[in-house]
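Below is one structure, written out as structure tokens; comments come after it.
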Amino acid sequence: MHRRPVAHPGGPTHPPANPTRCGVARAHPPPDPDHTSTNAPRFEIVTTHIHVFGYPTDQGDGVNVVALEDVSAIDLAFLSLPYEPLNNSIWQASHKDPFYSRPAVYLRFSDPVRLPDQDAENDFCRRLLRLGARRWKSLDRFRFVLGAINYDDLVIDEIEGGFVSVPTSGERRWVSVAWPAGGGVCIAEIPRRLPDLGEHEEFSARHNLILERRSILRMARNMDEKASMLMETFEGKMYENVDEVDSRVIRISDLKEFQKSSAAGEKEVGHTGLSALSLDDSSAK
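Residue numbers for the sequence shown, in our numbering: 22 to 306.
Below is the structure:
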């Protein structure tokens, strides 16, 4: 990805920093862990959202990351990801801390990085996909698309300069999935536009108002409540059978796997293989 050069504090004529100190060369800081690292992050906590990542087996198909955007406590429970909630002694003590508003300090996860066993990591990726997670070539691409959606000026400049491709309609689409206890699956999909860029003919002002209410999904106490919220507020649709699902970005094969598991008492059944993790959405319905 193209990176914009950053000026030194002293201005354009300020001399570059000396790479040596006391005659010893200083090493550059290590890069952030990516999908190839054993320390690839499971979570990304930003100002208002928490994202969850999985890292499927590399099959040469361009899928290196599976990302679930803006998770809630119910999603974490579905994913079997233990965490320490904010209503504990750490949170109580945080009121005396000037930095108490930073959730990354007080929200603790037991497994902050990917699983060392690739088969287990692949299973986790499948569970992410059942919640509407998306397939990505890299963490950078996921972050870049969100930056474009959020009108990040630097990201928009890179797109306008032709350094990075415009996020597609599928990449920009917001998706949320709920699995009610009584069966079936509820899915909400809403298009998101870019400012004066890309395909946005399907977008409307109504969609923008709907997306501004996404935070209420964090109030859901179970999947039944999440499904109700999706239908009442986010134009979600309830499907009794996953074969009826009509989605631009979710594959029926991903949903069927969970339906079989539920029928078996939440026990995992035989998987159809990692081909289900292919980046090409057109190949899987």
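Note that the Cβ used here is the ideal one computed from N, Cα and C, for glycine as well.
- With contacts defined as CB atoms closer than 8 Å, PRO188 and ALA209 fail to qualify as a contacting pair.
- Between VAL86 and LEU160 a beta carbon distance of about 6 Å is seen, short of the 8 Å cut, so the two are scored as contacting.
- At the C-beta level, LEU276 and VAL206 come within 8 Å of one another.
- Runs of the beta strand (DSSP E) lying entirely within the region 157 to 212, each at least 3 residues long, are 195 to 199, 206 to 211 in chain order.
- Annotation: ILE237 to GLU90 spans about 15 Å, alpha carbon to alpha carbon.
- Fewer than three pairs of CB atoms, one per stretch, sit closer than 8 Å, so the region 174 to 186 makes no contact with the region 226 to 244.
- Taking 8 Å as the cut-off, the Cβ atoms of ALA199 and LEU136 do not count as close.
- The residues PRO201, ALA202, in chain order, have a CB closer than 7 Å to that of ASP245 in the same chain once the five nearest residues on each side in sequence are set aside.
- C-alpha of HIS70 to C-alpha of GLN80: approximately 30 Å in a straight line.
- In this structure, VAL84 lies away from ARG162, with their beta-carbon atoms at least 8 Å apart.
- In chain order, GLY204, GLY205 place their CB closer than 8 Å to the CB of GLU261, counting only its own chain and leaving out the 5 sequence neighbours on each side.
- In the displayed model, ARG227 falls within a helix according to three-state DSSP.
- Distance between HIS72 and PHE64, taken at the CA atoms: about 6 Å.
- By the neighbour-count criterion, in which a residue is buried when 16 or more other Cβ atoms sit within 10 angstroms of its Cβ, SER225 is exposed.
- Contact annotation: GLY183 and GLU142 have beta-carbon atoms that are not nearer than 8 Å.
- In the assembly as shown, GLU253 is an exposed residue. Its beta-carbon has fewer than 16 other beta-carbons within 10 Å.
- 8 Å or more divides the Cβ of SER186 from the Cβ of PRO212.
- Around the Cβ of SER268, a 10 Å sphere holds 16 or more other Cβ atoms; the residue is buried.
- Per DSSP, reduced to three states, the secondary structure at ARG147 is helical.
- Taking every protein chain shown into account, the CB of ASP96 has 16 or more other CB atoms within 10 angstroms, so this residue is buried.
- In the DSSP annotation of this structure, the continuous segment of the beta strand (DSSP E) that includes GLU65 starts and ends at 64 to 66.
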